[in-house]
Amino acid sequence: MQMDVNSFDQLAREVFAPVYPVIASQVVQHTGITEGVCLDMGCGGGYLGLALARVTDLRFHFLDQSREMLEIVRANLAANGLENRGDVLEGNAESIPLPDRSVNLVISRGSLFFWDRVPAFREIYRVLAPGGMSYIGGGFGSPELKDEITRRMEARSGDNGQWREKVARNLGPQAPRAFEDELRCAGIPDFRVEQSEAAGLWIIVRK
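Counting from 1, one number per residue, gives the positions in the sequence shown under full-length UniProt numbering.
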């Protein structure tokens, strides 16, 4: 997938910035994990992990397949004084470059729609330590933030309804069943898929 890294990062900083602190709070609320090691998969500029770092004592691995995006993560870690709590990993969701049972929490917002999900779910389960959990999926934090972001995305030139179609495809009522089937196919024994207008759609795996 070709990606304009600078444009993607600009969207994250200027349009989606309000959602990351809200989702970080939801991660803590749903998992209760505030210490140990967190993997931010398909991290982009690392904004969800950075928001979570501000409200926990977790240490972070930021994983992305884009070397240019990981340079942005490094700069963001330095700008936030978090160099000692995070490192970057170049790789993809289907082959996570970490040892078995080495991560307490796996997070990701928005990237799982681009994964080959069955092998990715197996990899997530492999790297989770006993008692570890995932909080991966897509959402906007609240209905109000969803409406605000939708307005801003539709105001961008050339949208032509594509944004609403994308959200409906990724987060529509058919999505939970599809994810549940993929998780079962991956052999994940303990999971739930939560969907709500308030939070979005999130996959919570427990090991």
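In this text, a Cβ means the ideal position worked out from N, Cα and C, and glycines have one as well.
Residue i in three-state terms, based on DSSP
i, result
"glutamate 68", "helix"
"aspartate 87", "strand"
"leucine 98", "coil"
"proline 18", "coil"
"arginine 74", "helix"
"glutamine 2", "The predicted position of glutamine 2 is uncertain, since its pLDDT is 45 and thus under 50; a value taken from the coordinates is nonetheless stated next. Coil at glutamine 2, not helix or strand."
"isoleucine 203", "strand"
Outcome for residue i when other beta-carbon atoms lying within 10 angstroms are tallied against a minimum of 16
i, result
"alanine 51", "buried"
"phenylalanine 114", "exposed"
"aspartate 190", "exposed"
"cysteine 43", "buried"
"cysteine 38", "buried"
"lysine 146", "buried"
"glycine 172", "exposed"
"asparagine 160", "exposed"
"alanine 17", "exposed"
Nearest-angstrom beta carbon gap, residue j and residue i [assumed within contact, 8 Å]
i, j, result
"valine 19", "methionine 69", "Not confirmed; about 18 Å, so no contact."
"glycine 200", "glycine 139", "2 Å"
"arginine 74", "valine 55", "At roughly 22 Å, the Cβ-Cβ gap does not stay under 8 Å, so arginine 74 and valine 55 are not in contact."
"tyrosine 125", "histidine 30", "Contact flag wrong, Cβ pair sits at about 18 Å."
"aspartate 40", "phenylalanine 62", "5 Å"
"glutamate 90", "glutamine 65", "7 Å"
"alanine 53", "arginine 85", "6 Å"
"glutamate 35", "valine 118", "That pair is no contact at about 30 Å."
"arginine 122", "alanine 186", "5 Å"
Contact check, residue i vs residue j, beta carbons under 8 Å
i, j, result
"arginine 152", "valine 15", "yes"
"proline 143", "glutamate 197", "yes"
"isoleucine 23", "leucine 48", "yes"
"isoleucine 107", "valine 27", "yes"
"isoleucine 203", "glycine 110", "no"
"leucine 77", "valine 103", "no"
"isoleucine 188", "valine 205", "yes"
"isoleucine 33", "leucine 82", "no"
(request) Jot down the residue ranges of each uninterrupted beta strand (DSSP E) in the stretch 35 to 62, minimum 3 residues, whole runs only, in chain order. (result) 37 to 41
(message) Which complete beta strand (DSSP E) runs does the stretch 95 to 146 hold, if anything under 3 residues is left out?
(response) 103 to 109 and 128 to 138
(request) Tell me the start and end of each unbroken alpha helix (DSSP H) in the stretch 150 to 197 that is at least 4 residues and wholly inside, in chain order. (result) 162 to 171 and 175 to 185
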